[in-house]
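A.B. asks: Would you mind keeping the following structure in view while I ask a few things?
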């Protein structure tokens, strides 16, 4: 065999090995992030379907990750947020208009990220990074929206947020919120039963790992991984899963 032919075969074999290696990485090591995105889309789709059934009509204000508005970040950040928005679009369908907005970030964080402490236990780190008046500002800029769906949780200073203190609109629906910001169990129960918090998606204790595909239809998959908290089931969920509240 000529040297040139041998070199070509070696190059082809190397290229194949690299391609197979990349395929293997994508199919195995990258399974968890891809499944997490799929599950996020599933969660927001069921949240939107519940809202569509019970609170359809007016436009919905969707609070999304402000850091997705800047380039140069990990691609998974953009993909992860788009998965949540995609689920909402599918759940709402064409009947409900979505207005996606992005809250201001605390200026001190932009100057020095280390100046802001984020609780490592929180499910919504952006709660600590949004500006103190960010949610009030968004609501005032979009008065036609009676319902706010937050994909980033609630501000850590919730007690000082004007639109939360009012008993009337806007109401809230939340994805994987840190319920500690609402207060004790009585405060959480009151927010849900009063209709201020119309729905929240929580991670279900004992759910399968992200790398495990449970199979079955979407409803079965959702029920294995998430809990949809509403006024209809808050009492039962607080009894069956008190650690979540």
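Residue numbers (the working numbering): 14 to 258.
Note that beta-carbon positions come from the ideal geometry of N, C-alpha and C, so glycine has one too.
(1) What is the C-beta distance between residue 114 and residue 155, in whole angstroms, given that I count them as a contact (C-beta under 8 Å)?
(2) Residues in its own chain within less than 6 Å of residue 117 by CB, not counting five upstream and five downstream?
(3) Just to confirm the assignment: which complete alpha helix (DSSP H) runs, minimum length 4, are found wholly within the segment 191 to 251?
(4) Hey, is the segment 208 to 217 in contact with the segment 180 to 190, meaning 3+ C-beta pairs nearer than 8 Å?
(5) Can you pull the DSSP bridge partners for residue 187?
(6) Could you check the C-alpha separation between residue 62 and residue 111 for me, to the nearest Å?
(7) Roughly how many whole angstroms lie between the Cα atoms of residue 11 and residue 135?
(8) What is the rounded straight-line gap between the Cα of residue 96 and the Cα of residue 51?
(9) Provide the residue span of the beta strand (DSSP E) that contains residue 112, from first to last.
(10) Write down the C-beta distance between residue 53 and residue 100 rounded to the nearest angstrom, noting that I regard them as a contact closer than 8 Å.
(11) Please report the straight-line C-alpha distance between residue 220 and residue 231, rounded to a whole angstrom.
(12) Looking at the structure shown, is residue 171 part of a helix, part of a strand, or coil, going by DSSP?
(13) Let's see if you can read the secondary structure: which residues bound the alpha helix (DSSP H) around residue 142?
(14) With 16 as the cutoff for other CB atoms within 10 Å, does residue 87 come out buried or exposed?
(15) What's the C-alpha gap between residue 166 and residue 70?
(16) On a Cα-Cα basis, can you pick out the residue from 255, 121, 242, 252 that is closest to residue 56?
(17) Rounding to the nearest angstrom, what Cα-Cα distance links residue 65 and residue 133 in this structure?
(18) Out of 195, 140, 193, point me to the one whose CA is closest to residue 76's CA.
(19) Would residue 190 be called buried (16 or more neighbouring beta carbons within 10 Å of its own) or exposed?
(20) So within the segment 44 to 83, which uninterrupted beta strand (DSSP E) runs reach at least 3 residues, ignoring any that extend past its ends?
C.D. replies: Judging by the given coordinates:
(1) By one-based count along the chain shown, residue 114 stands at place 101. By one-based count along the chain shown, residue 155 stands at place 142. Indeed they touch by this definition, with Cβ atoms about 7 Å apart.
(2) To locate residue 117, count along the chain shown from 1; it is residue 104. Contacts found: 144, 147.
(3) Counting only runs of 4+ residues, the alpha helix (DSSP H) found wholly inside the segment 191 to 251 occupies 198 to 206, 231 to 238, in chain order.
(4) Short answer: they touch.
(5) Reading the chain shown from its first residue, position 174 is the one you call residue 187. According to DSSP, which records beta bridges pairwise, residue 187 is partnered with 163, 213.
(6) Locating residue 62 in the chain shown gives position 49, where the first residue counts as 1. Locating residue 111 in the chain shown gives position 98, where the first residue counts as 1. Approximately 13 Å, taken between the alpha carbons.
(7) Shown here, the chain extends from 14 to 258; a query on residue 11 therefore has no answer.
(8) Locating residue 96 in the chain shown gives position 83, counting from the first residue. Locating residue 51 in the chain shown gives position 38, counting from the first residue. Near 7 Å, if we compare the C-alpha coordinates of residue 51 and residue 96.
(9) For the purposes of this step, residue 112 is identified with residue 99 of the chain shown, where counting begins at 1. Element bounds for residue 112: 111 to 114.
(10) In the chain shown, the residue the question calls residue 53 occupies position 40. In the chain shown, the residue the question calls residue 100 occupies position 87. That belief holds up - the Cβ atoms of residue 53 and residue 100 are roughly 7 Å apart, short of 8 Å.
(11) Here the question's residue 220 lines up with position 207 in the chain shown. Here the question's residue 231 lines up with position 218 in the chain shown. A straight line joining the alpha-carbon of residue 220 with that of residue 231 spans about 15 Å.
(12) Your numbering for residue 171 matches position 158 in the chain shown. Of the three classes helix, strand and coil, the one that applies to residue 171 here is helix, per DSSP.
(13) Counting from 1 along the chain shown, the entry for residue 142 is found at position 129. Here residue 142 belongs to no alpha helix (DSSP H), and DSSP marks it neither H nor E.
(14) For this step, residue 87 is matched to residue 74 along the chain shown. When all chains shown are included, residue 87 counts as exposed.
(15) Start at 1 with the first residue of the chain shown, and residue 166 comes out as number 153. Start at 1 with the first residue of the chain shown, and residue 70 comes out as number 57. Residue 166 and residue 70: Cα-Cα distance of roughly 23 Å.
(16) Your numbering for residue 56 matches position 43 in the chain shown. Checking every option, the nearest Cα to that of residue 56 belongs to 242.
(17) For the purposes of this step, residue 65 is taken as the residue at position 52 of the chain shown. For the purposes of this step, residue 133 is taken as the residue at position 120 of the chain shown. Their backbone Cα atoms lie some 34 Å apart in a straight line.
(18) Locating residue 76 in the chain shown gives position 63, where the first residue counts as 1. Relative to the Cα of residue 76, the nearest Cα in the group 195, 140, 193 belongs to 140.
(19) In the chain shown, the residue the question calls residue 190 occupies position 177. Flag for residue 190 reads buried.
(20) For the segment 44 to 83, whole beta strand (DSSP E) runs of length 3 or above, ordered along the chain, are 73 to 76.
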